[in-house]
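Engineer: With the numbering used here applied, the sequence shown covers 1 to 157. Here you go, one structure.
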Amino acid sequence: METTLPGKYVSESAINDQTAIVFPNDLNAYGTLFGGRVLEMADQVAAVVAHRHSGRDCVTLAIDSVRFLAPARRGDILVFQAAVNRVWRTSMEVGLRALVEDYKTLERKHIFSAYFTFVAMDEQFRPVAVCAVVPVTDEEKRRYEEAEGRRERRLGK
Ligand SMILES: CC(C)(COP(=O)(O)OP(=O)(O)OC[C@H]1O[C@@H](n2cnc3c(N)ncnc32)[C@H](O)[C@@H]1OP(=O)(O)O)[C@@H](O)C(=O)NCCC(=O)NCCS
């Protein structure tokens, strides 16, 4: 079931350019960016998108399709991009990717992707309905359509 509350545009809550620098305490035993650290940073960025969209407290229900596509190294600039793909009633899917940016050439490489499911919570900390999301661009519409299949797989339908 989908929400009946009036919608907000994807762009109203999307994050296109959240940057971070890879510091020494972000590294694993091999000297590259630790995957758990990326997940933590990603969860925080995705949570901001969910909070902004819903105007509610939100909790992470699930993270799936996690892909570590390429390593990042000490001193690298990370760029996070995240947006609400679709809203159902109390839950929403936020898609996120992280890139490494070469600050000399401004070239970017995709290093990480995941989907986050957040649930909005009311003052009693019970799930509460979220306003709809309105996709506008072709990419936003494609993500919106594809999100339904992912939700069905998550729910084992
Ligand atoms: C999130 C939480 C409140 C959901 O509780 P619940 O009893 O499953 O609540 P509901 O049955 O009302 O489901 C809430 C929403 O989650 C969705 N949901 C449940 N299981 C799901 C799954 N496996 N995949 C995707 N969505 C799921 C439901 O469909 C519903 O969404 P909808 O209203 O849009 O249809 C509960 O699981 C929780 O507190 N989890 C811990 C969260 C947490 O501590 N996160 C880490 C810190 S932020």
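We put the CB at the ideal spot given by N, CA and C, even for glycine. All figures in this text were calculated on a predicted structure; none of them were measured in a lab.
Provide the residue span of the beta strand (DSSP E) that contains G7, from first to last.
Structural biologist: For G7, no beta strand (DSSP E) segment is defined, and its DSSP state is neither H nor E.
Engineer: Drop a sphere of 10 angstroms on the beta-carbon of L106, count the other beta-carbons inside from all chains shown, and report buried for 16 or more, exposed for fewer.
Structural biologist: exposed
Engineer: Starting from the C-beta of S91, find all residues in its chain whose C-beta is less than 6 Å away, skip the five residues before and the five after it, and write them out in chain order.
Structural biologist: T117 and V119
Engineer: With distances taken from CA atoms, which of A14, A98, V59 and G149 is nearest P127?
Structural biologist: V59
Engineer: Taking Cβ to Cβ, would you say D76 is nearer than 7 Å to V49?
Structural biologist: no
Engineer: Compute the distance between the beta-carbons of R74 and V22, then report whether it is under 7 Å.
Structural biologist: Against a cut-off of 7 Å, the Cβ pair of V22 and R74 comes out as a contact.
Engineer: Going by the CB atoms, is the gap between N28 and F34 shorter than 7 Å?
Structural biologist: yes
Engineer: Kindly list the residues whose CB is nearer than 7 Å to the CB of Y103, restricted to its own chain and excluding five residues on each side of it in sequence; keep chain order.
Structural biologist: I77
Engineer: Going by DSSP in three states, Q124 sits in which element: helix, strand or coil?
Structural biologist: coil
Engineer: Which residue marks the beginning of the beta strand (DSSP E) containing E93, and which one marks its end?
Structural biologist: It spans S91 to E101 - the beta strand (DSSP E) in which E93 sits, taken as one unbroken run.
Engineer: Between the alpha carbons of A129 and R89, how many angstroms are there, rounded?
Structural biologist: 5 Å
Engineer: What first and last residue would you give for the alpha helix (DSSP H) that runs through R142?
Structural biologist: D138 to R154
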